[in-house]
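In our numbering, the protein residues as written are 28 to 125. The C-beta atom is built at its ideal place from N, Cα and C for all residues, glycine as well. The model shown is predicted, which means the values in this text are computed figures rather than measured ones. Okay, so here's the structure we're looking at.
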Amino acid sequence: MLTDFTPDIILIAFQDVYSHRLQKALTLSGGVINLERLEAVLSDVREYSPWIIGGVMPGVIEGEEEVIAKLEELGVGVKRTNEALTEAVEYLGRQNLE
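Now the structure itself:
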């Protein structure tokens with residue numbers, strides 16, 4: 028049995044404070060992401076997150092172009108999910124965690 032654990036859509040934020048707020052950004056209903064909620068949550072999270080990246084697997088969500096445009100408008104870089112995960116690991120590797 029093969030299992031793929033790569034998410035179809037992901038937001039990754041490196042935060043200066045402990046918060047679960049980002050998990051509320053991606054509200055999905057009928058394959059559609061709520062853009063108003065996405066913007067509201069990301070605006071909040073941006074205040075304490077120096078770096079945010081998004082990943083989207085093509086063809087998974089309705090209105091994919093609008094979601095990507097909204098993320099980019101909010102200053103979130105968007106890649107494919109595996110690329111976003113790789114960039115997040117690379118970003119973390121560049122941080123001084125002492």
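With respect to the beta strand (DSSP E) encompassing residue 37, which residues constitute its N-terminal and C-terminal limits?
By one-based count along the sequence shown, residue 37 stands at place 10. Taken as a continuous stretch (DSSP letters only), the beta strand (DSSP E) holding residue 37 covers 36-41.
On the DSSP bridge list, what partners appear for residue 89?
Position 62 of the sequence shown, counting from 1, holds the residue named residue 89. The partner list for residue 89 (beta bridge, DSSP) reads 59.
What is the DSSP secondary structure of residue 105, reduced to helix, strand or coil?
The residue you call residue 105 lines up with position 78 of the sequence shown. The answer is strand: DSSP assigns residue 105 an E or B state.
Euclidean distance between Cα positions of residue 57 and residue 50:
Counting from one through the sequence shown, the residue named residue 57 turns up at place 30. Counting from one through the sequence shown, the residue named residue 50 turns up at place 23. So the two alpha carbons sit approximately 18 Å from each other.
Use the C-beta contact count for residue 67: other C-beta atoms within 10 angstroms, 16 or more gives buried, fewer gives exposed.
The count along the sequence shown starts at 1 and reaches residue 67 at position 40. That one is exposed.
What residue range is occupied by the uninterrupted beta strand (DSSP E) comprising residue 44?
Your numbering for residue 44 matches position 17 in the sequence shown. Careful: residue 44 lies outside any beta strand (DSSP E) and carries neither H nor E.
Give me the Cα-Cα distance between residue 44 and residue 87, rounded to the nearest whole angstrom.
The sequence position of residue 44 within the sequence shown is 17, counting from 1. The sequence position of residue 87 within the sequence shown is 60, counting from 1. Cα to Cα, the separation comes out at about 31 Å.
Just how far apart, CA to CA, sit residue 111 and residue 70?
Indexing the sequence shown from 1 puts residue 111 at position 84. Indexing the sequence shown from 1 puts residue 70 at position 43. Approximately 20 Å between the Cα atoms of the pair.
Quick one: is residue 81 buried, meaning 16 or more other Cβ sit within 10 Å of its Cβ, or exposed?
Reading the sequence shown from its first residue, position 54 is the one you call residue 81. It is buried - the Cβ of residue 81 has at least 16 other Cβ atoms within 10 Å.
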